[in-house]
Every structure is written in structure tokens, then in C-alpha cells.
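Just below is one structure, and these are the notes that go with it.
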Amino acid sequence: MGKQVIVKVPASTANLGPGFDVLGMALNLYNTVVLEEMESDCQIIEVKGEGESLLPRDSSNLAARAVSSLLYSAGYSDHGFKLCLENQIPLASGLGSSAAAIVGGLVAANALAESPFSDQDILQMAVEIEGHPDNVAAALLGGVVVVIKDEESCIYSRLIPREGLGITAVIPDFSISTAEARSVLPEYVPLQDAVYNLGRIALLVTALREGDWDLLRVALHDRLHQPYRCQLVPGLADVFAAALESGAYGAFLSGAGPTVVALTPPDCDAGRAIADVFQSKNITARVLQLEPCLTGSYIL
Numbered sequence: 041m042g043k044q045v046i047v048k049v050p051a052s053t054a055n056l057g058p059g060f061d062v063l064g065m066a067l068n069l070y071n072t073v074v075l076e077e078m079e080s081d082c083q084i085i086e087v088k089g090e091g092e093s094l095l096p097r098d099s100s101n102l103a104a105r106a107v108s109s110l111l112y113s114a115g116y117s118d119h120g121f122k123l124c125l126e127n128q129i130p131l132a133s134g135l136g137s138s139a140a141a142i143v144g145g146l147v148a149a150n151a152l153a154e155s156p157f158s159d160q161d162i163l164q165m166a167v168e169i170e171g172h173p174d175n176v177a178a179a180l181l182g183g184v185v186v187v188i189k190d191e192e193s194c195i196y197s198r199l200i201p202r203e204g205l206g207i208t209a210v211i212p213d214f215s216i217s218t219a220e221a222r223s224v225l226p227e228y229v230p231l232q233d234a235v236y237n238l239g240r241i242a243l244l245v246t247a248l249r250e251g252d253w254d255l256l257r258v259a260l261h262d263r264l265h266q267p268y269r270c271q272l273v274p275g276l277a278d279v280f281a282a283a284l285e286s287g288a289y290g291a292f293l294s295g296a297g298p299t300v301v302a303l304t305p306p307d308c309d310a311g312r313a314i315a316d317v318f319q320s321k322n323i324t325a326r327v328l329q330l331e332p333c334l335t336g337s338y339i340l
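Take any residue in the sequence shown, note its place counting from 1, add 40, and you have its number in our numbering.
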């Protein structure tokens, strides 16, 4: 048996309402990546859990692509590998399953190659594969990450949200591809909508950093992407209203959706209220009570 590396990589929720493509938060729902060096140059890929019947077992597998890419860059590509993916993050749900696959593969491969690349290097590699930085930055670094692409590099700031915030994810039983979710967005938005979101991003970051949860009732609102994506998620406006009526500070579409995340006081049952709205549209939904993941990806 060759060297073996085991990596835990968290789910993530992106945008958090107004922070389109610049805000992400890691969540304590994990995929496990087990990477083992092989003496031959073959690749063996196994998948368990979420996506077991759907994900490819060849070089087109996203985690395998990430592993191969990093090992090649590290000059370590003359080895084969066995990759076992144990997935808890639902696919195409808006909880960062593709980001977790990419980051998990890169972190595991970097460890196998004796860590030639820094977190900044891995983040850049992940963004090149994923195409946008919010989910991969959160999955890699943990906590809440503000991240932007600046010419050829990514610049980020990481914060740890104050304790006492409930996070409820409601996952309806259908999927939306990122490409589909982006296809409904306009090329340009009104200036007043851009200003609307800028102010709310500032309030949101302040609320999370300071624990001023009452700010969330305003800070989670958005005009840049959610109004256009309502057509893809039946009852989305009613879902947001139900979350507020149940006592949540607010709710938002997680990434490209269709998962809805509510930020709540402790012991608030927003999940049931949101699931009931989906059920009224003949859509079943799972409810998960989650917490921020503060560590990001880590090696066991």
C-alpha cells in the first residue's frame, strides 16, 4: 500500500442573500476524500453516499480531475491513485457539492505530494476549475469568507460569525444546475438595485461579525439574483415569507438553489414552515439543522 491521505471537506452556502458571487459560509456537513497512492499508473475511483449512482468513476470525475491537475503541477503525475469519495453533501442542491469535490481533491493531492502549494495556491487552482470563488473559498478556509477575483488572483477576508445563530437548510427534492440558474440572470441591473445590495452586504458582514442579529432582517434581502430565480423554485417568495412568520431573521436561496437557508434564533422551527410551503407545491423537502464550519477542509 502506498501513502494514504484522508480529508474532510465541508458543504457551503454562497451569496447569503445580497452577496452574489462574493460571500460564502462553510457548514458542518461533510464529504470525506480518501486518496491512496498506487504503484501502477491506473486510477481507481469509488463513490459512496450522495451521488453514488450518478457520479462518474473515470477521469471525468470532478474530484479526480482536481487530484490529477495538482499532482501534475507538483511533478508527481507518474503515480496512479485510488480515490474513495464518501459524500454527505447533496448534488446540484446549492450546498457546494462541486466545490467540495474540487477542494477535497486538491487538498488531498497536495498532502500526498508533501504540500508544495499554499492555501492561496490551492484556492486559485480551485477557482480555475469551478469558475467562481465563493463556494470553494468557504470550503477550503471555513467560516464566512468575503472573496473577489482581482485580475489573476483571488483576494479574501475570513471572519468567524458570533455564536448563537441557528442555520436551517431546507433541500427540496429537485435540482438546478448552476448554468441554468445563471442563464436567467440579466446582463445588466439597475443602479438602484446595485446600491440596494451594496448596503445590505455591509450590514450582513457587520451582523455576522458583531452578532447583531436584528440587522439580518434587512441585510439578507437581495435584488440582483433571487427575483430572477423565483421562476426556477416554485413558491420561493412564499418560502421567504413563511420563514419570517416562523420567527427566522430571514432566508435566502443557497447558491444557485434550490436549497433555501434560514438564519434563525435558537429553537426556531423555520425548517418545518419552509418545508410545508414546498409540500403545498407537491415538492418534498429535507430539513437539516446545521452550524458554521469554522475549520474548513482538514486532513485527518
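Every residue, glycine too, gets a C-beta built ideally from N, C-alpha and C.
No Cβ-Cβ contact shorter than 7 Å links N237 with P50. When rounded, the separation of the alpha-carbon atoms in A310 and A302 is 7 Å.
Of the residues V273, F292 and S337, the one whose Cα lies closest to the Cα of S320 is V273. The alpha-carbon separation between S155 and V143 amounts to approximately 14 Å. Distances from the CA of Y116 to each of I84, V176 and F157 were compared; the closest alpha carbon is that of F157. DSSP places N175 within a helical segment (H, G or I) once states are collapsed to three.
For P298, same chain residues with a beta-carbon under 8 Å away, outside a window of 5 residues either side, are S133, G134, I211, P212, F214, S215, I216, L272 and V273 in chain order.
Following the DSSP letters along the chain, one finds A283 inside the alpha helix (DSSP H) bounded by residues L276 to E285. Taking a C-beta distance under 7 Å as the contact criterion, Y268 and L231 do not qualify as a contact pair. Here S52 carries a strand assignment [DSSP, helix/strand/coil].
Minimum Cα-Cα distance from D81 among the listed residues E250, D118, N71 and S99 corresponds to D118. Taking A221 as the centre and dropping the five residues before and after it, the same chain places the C-beta of R269, L272, A296 and G297 closer than 7 Å to its C-beta, in chain order. Contact between I85 and N101 holds: CB atoms are separated by about 5 Å, below the 8 Å threshold. Only residues of its own chain outside the window of five on either side were considered, and among them D252 and L255 have a CB closer than 7 Å to the CB of T246, listed in chain order.
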